[in-house]
Structures are given as structure tokens and as C-alpha cells.
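Trainee: Okay, handing you the structure first.
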Amino acid sequence: MIPELTATLIPEPLTKSARLWMPKRVIFTADALNEPFGQAMYERISALDLPIEIAKNNRITGLRGADERETYRNAKNTLAIVNAPPGAFKLQPIPPSADWQMNLAEGCPAHCQYCYLAGSLSGPPVVRAYANLPKMLAHTATYEGTYPPNRTWQGSTTGVNSTHRPTTFEVSCYTDVLGIEHLTGSMAECIRYYGTREMAELRFVTKYDQIDSLLNLPHNGHTRARVSLNADAIARRLEGGTASVEARLQGIRKLSMPQELGGGGYPIGLVIAPIMPIPGWRDHYTALLDRMAEVLDFAQGGEAVDMNVEFISHRFTPGSKDILLQWYPNTSLDMDEATRSQKRNKFGGTKYVYRPEEMKEMKAFFYAEWTKRFPKAPILYWT
Numbered sequence: 001m002i003p004e005l006t007a008t009l010i011p012e013p014l015t016k017s018a019r020l021w022m023p024k025r026v027i028f029t030a031d032a033l034n035e036p037f038g039q040a041m042y043e044r045i046s047a048l049d050l051p052i053e054i055a056k057n058n059r060i061t062g063l064r065g066a067d068e069r070e071t072y073r074n075a076k077n078t079l080a081i082v083n084a085p086p087g088a089f090k091l092q093p094i095p096p097s098a099d100w101q102m103n104l105a106e107g108c109p110a111h112c113q114y115c116y117l118a119g120s121l122s123g124p125p126v127v128r129a130y131a132n133l134p135k136m137l138a139h140t141a142t143y144e145g146t147y148p149p150n151r152t153w154q155g156s157t158t159g160v161n162s163t164h165r166p167t168t169f170e171v172s173c174y175t176d177v178l179g180i181e182h183l184t185g186s187m188a189e190c191i192r193y194y195g196t197r198e199m200a201e202l203r204f205v206t207k208y209d210q211i212d213s214l215l216n217l218p219h220n221g222h223t224r225a226r227v228s229l230n231a232d233a234i235a236r237r238l239e240g241g242t243a244s245v246e247a248r249l250q251g252i253r254k255l256s257m258p259q260e261l262g263g264g265g266y267p268i269g270l271v272i273a274p275i276m277p278i279p280g281w282r283d284h285y286t287a288l289l290d291r292m293a294e295v296l297d298f299a300q301g302g303e304a305v306d307m308n309v310e311f312i313s314h315r316f317t318p319g320s321k322d323i324l325l326q327w328y329p330n331t332s333l334d335m336d337e338a339t340r341s342q343k344r345n346k347f348g349g350t351k352y353v354y355r356p357e358e359m360k361e362m363k364a365f366f367y368a369e370w371t372k373r374f375p376k377a378p379i380l381y382w383t
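So the sequence shown is numbered by UniProt numbering: it starts at 1 and just counts up by one.
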């Protein structure tokens with residue numbers, strides 16, 4: 001059994017918007033400035049009066065510090081506008097989130113102490129936004145109508161589950177797209193593009209609440225806006241630099257509301273992650289689910305809001321643990337391998353997940369509690 005406390009103190013909801021990330025250093029490569037979208041980002045960032053450097057040789061230097069912690073600080077305060085390399089045009093399957101992964105940037109301005117980018121990206125965690133994004137978007141048309149092998153998917157905004165459904169593209173695997181949107185405009189560019197595609201749909205997820213610039217975009221129902229949520233006690237302790245859970249909920253509510261009522265009219269998704277069996281976890285997550293039900297208790301044209309959910313439990317690899325402990329040496333995040341089960345991927349790598357009996361208990365809880373509150377909102381997966 002997973003340990004619980006007999007009495008649990010649930011924090012009162014806190015509405016706190018995320019501070020806009022203003023990097024201390026912005027670097028444009030020469031190649032990026034040759035792109036019209038790169039020029040648009042230059043004008044956007046110049047208007048914010050941020051210091052801009054032009055790299056002479058398309059390389060980003062000056063990030064390394066005396067130790068890993070200083071390198072982390074340097075990188076986290078740097079935005080680099082570069083061109084995506086040729087390999088970025090060869091899209092990779094990204095189940096169960098979507099069919100294909102298309103990154104508009106790599107690196108994230110937030111400070112989540114369980115960060116899944118640790119060990120996933122090479123080099124210091126600088127944010128790199130892509131100036132050749134319009135070319136990348138146009139290239140995704142060659143993937144429309146194609147699906148990864150052995151793929152079962154129920155996450156299309158149309159609800160169709162067959163090879164004749166729209167192809168789905170995920171753009172937020174390696175960054176928080178709203179955390180950098182005020183600097184790049186990249187998310188709006190993606191939404192406008194997929195709004196014109198009949199057989200393609202876009203998916204993004206965020207921990208930020210600056211959503212007003214997305215409300216009036218012509219998405220035509222082809223973008224599913226998703227928000228990452230967690231128990232308030234976890235979010236406050238481990239998700240630095242992000243909006244509070246309550247602010248995220250208010251943001252996703254506004255994105256979902258009909259445009260005639262001042263909203264965005266988007267299909268939405270909720271990502272509860274990373275789920276952790278902290279003491280009193282049932283009480284903490286019940287409070288989260290109850291608040292979600294209160295905030296999202298409205299209809300669109302008499303129909304329940306178009307919504308689904310993804311459940312993701314916490315996991316880590318030996319490599320990511322080493323990096324995270326260098327970035328956050330005083331973290332209270334539980335990464336004790338002795339309390340976990342090992343899971344191997346098809347490439348032979350190891351990650352540590354919760355033990356089968358814990359996973360079974362948590363999954364049963366979330367499925368039952370979600371279905372009770374949101375019977376018309378499908379669960380896409382548990383992992």
C-alpha cells in the first residue's frame with residue numbers, strides 16, 4: 001500500500017501568474033537573421049529592450065561556468081535564435097502524446113526540479129528557438145496521412161480513431177511553448193498554420209497562463225490546448241517559475257470558452273503530471289480534481305467542453321538524476337532507486353518508475369475519480 005497521512009493539510013488555491021521570462025542574454029545567429037521569421041523575432045525582442053548579440057559563426061558560446069550549477073544559471077538566462085538543423089525536419093513518432101513530434105524550440109525557461117529535459121538534450125539547457133519555423137511547418141504537410149506503426153490513438157479533436165483521421169503533431173516536447181511566446185510568436189505561427197490544414201492537428205501543453213495572445217487566432221478547432229497540472233503541494237515545491245495551478249486552470253478555462261464569450265474556443269486537454277504518491281496523496285489529488293470540476297463546469301453550445309486527460313506518473317533515469325542533483329542540489333524530490341522498479345526501453349536504457357502495486361493503486365484511483373467527475377471526457381492513457 002502507498003503510505004498516507006490520517007490528516008492532510010490542503011493548501012488554499014493560490015492564483016499567481018507566471019512572471020514573463022526576460023533573458024539576460026539574447027543571441028541571434030547570422031543564419032537565423034536571414035530568415036523572415038527570424039527578422040520578425042528580432043523586431044519583437046528589440047521592442048522589449050533586451051540586450052541582443054549577433055553570433056559571427058552560428059555557434060553559441062560563453063555558456064560554460066565554473067561548475068554545472070553556474071553553467072545551468074548561464075544557460076537558463078540565455079535565449080538563442082537559431083535555425084533548426086536538417087535532422088529536425090525528420091520527424092519522430094511521439095506516442096502516446098501524438099503521431100509526430102515537431103519542435104518549435106528546445107530548452108525551457110521554467111525551473112521544475114524533476115525536469116524531463118535533463119539528460120534528454122545535449123549541452124547546457126539554453127533555450128533555442130527556431131527562426132526557420134515556417135519552413136518546418138510547411139514540411140509537416142509531407143507527414144499528413146501518415147501514422148507511426150502499431151499506433152492506436154484516440155486524441156484527435158474530431159474523435160475519429162482510424163487511419164482516415166487527421167494526423168497529430170506535438171510541438172511542446174522540449175520546451176514550454178507559452179513560456180517563450182512573448183519573445184518568439186512561434187506558437188501563434190503554428191496555430192495559424194494548422195488552422196488551414198484539413199488533415200492535420202496541433203497539440204501543445206504549458207504550465208504558464210499568458211494565453212490572451214492566442215484567443216483570437218483562426219485555429220478552426222485544429223489545435224488542442226493542454227495544461228499541465230499537479231497537486232498544489234507538489235507544484236508549489238517543485239515547479240519554479242511557472243504559474244500557480246489555479247492560474248493555469250483559469251487560463252485553460254478561458255482558452256476553452258467560446259470566442260463569443262471572450263474565450264478562445266479551443267478543444268482542451270489536461271495533463272496531470274508527474275503524479276507522485278506523496279503522503280496524503282489521495283486527499284491532495286482529490287482536491288485538485290474537485291477544483292478542476294468546479295472551474296471547467298460549463299458548456300459550449302449546450303455540449304460539455306471538448307476535453308480529454310493524460311495521466312503521467314513520475315519517473316527518472318540514472319543520467320537525469322545525476323544532472324538534476326547538480327542543478328538542484330537541495331531538492332526534496334524523491335529519487336530513491338530502492339523504492340522504485342526498473343523499466344527498460346527498446347534501446348536498452350533504464351528508467352525508474354513506481355512499483356507495480358503502487359501504479360495499480362494510483363491508476364485505479366485516478367480512473368475512478370476522473371470518470372465520476374468528467375464522464376464525457378476520455379482518458380487518453382496512463383503511463
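Ideal Cβ positions, reconstructed from N, Cα and C, are used throughout, including at glycine.
Taking the alpha carbon of Gln210 as the point to measure from, which residue in Met199, Arg224, Gly251, Ser244 has its own alpha carbon closest?
Mentor: Out of Met199, Arg224, Gly251, Ser244, Gly251 has the C-alpha closest to the C-alpha of Gln210.
Trainee: Can you tell me the Cα-Cα spacing of Thr371 and Thr350, whole angstroms?
Mentor: Answer to the nearest angstrom: the Cα atoms are 33 angstroms apart.
Trainee: Where do the N-terminal and C-terminal ends of the alpha helix (DSSP H) with Phe365 fall, by residue?
Mentor: Here the alpha helix (DSSP H) through Phe365 covers 356 to 373.
Trainee: Only counting the same chain, and skipping five residues up and downstream in sequence, which positions put a Cβ closer than 7 angstroms to that of Lys376?
Mentor: Taken in chain order, the residues that qualify are Ala304.
Trainee: Do you know whose CA, among Pro23, Thr168, Arg237, lies nearest Pro93's CA?
Mentor: For the residues Pro23, Thr168, Arg237, the minimum Cα distance to Pro93 belongs to Thr168.
Trainee: Just checking, does the stretch 30 to 44 make contact with the stretch 257 to 277 on the three C-beta pairs under 8 angstroms criterion?
Mentor: They do not touch, by the three-pair rule.
Trainee: Relative to the alpha-carbon of Tyr143, which residue among Arg315, Phe28, Met199, Pro329 has its alpha-carbon at the smallest distance?
Mentor: Comparing Cα positions, the closest option is Met199.
Trainee: Which residue from Met102, Phe366, Ser341 puts its Cα closest to that of Glu357?
Mentor: Checked all of Met102, Phe366, Ser341; the closest Cα to Glu357 is Ser341.
Trainee: Express the C-alpha separation of Asp232 and Ile275 in angstroms, rounding to a whole number.
Mentor: One C-alpha to the other measures close to 12 angstroms.
Trainee: Evaluate contact between the stretch 53 to 63 and the stretch 108 to 122, counting only Cβ atoms and requiring at least three cross-stretch pairs below 8 angstroms.
Mentor: With a cut-off of 8 angstroms, the stretch 108 to 122 and the stretch 53 to 63 do not count as touching, because too few Cβ pairs lie within range.
Trainee: Which residues does DSSP pair with Glu201 in a beta bridge?
Mentor: According to DSSP, Glu201 bridges with Thr168.
Trainee: The beta strand (DSSP E) with Thr223 in it runs from where to where?
Mentor: Start and end: 223 to 229.
Trainee: Measure the C-alpha to C-alpha separation of His139 and Leu91 and round it to an integer number of angstroms.
Mentor: If I take the Cα positions, the gap works out to 10 angstroms.
Trainee: Cutting at 6 angstroms between CB atoms, please list the residues of its own chain near Trp100, excluding the five before and the five after it.
Mentor: So the qualifying residues of the chain are Leu91, Tyr143, Phe169.
Trainee: To which residues of the same chain is Cys173 closer than 8 angstroms at the C-beta, ignoring the five residues directly before and after it?
Mentor: The residues are Ile94, Ser97, Gln101, Asn103.
Trainee: Tyr194 and Leu202: beta carbons closer than 8 angstroms?
Mentor: Yes, these two residues count as a Cβ contact at 8 angstroms.
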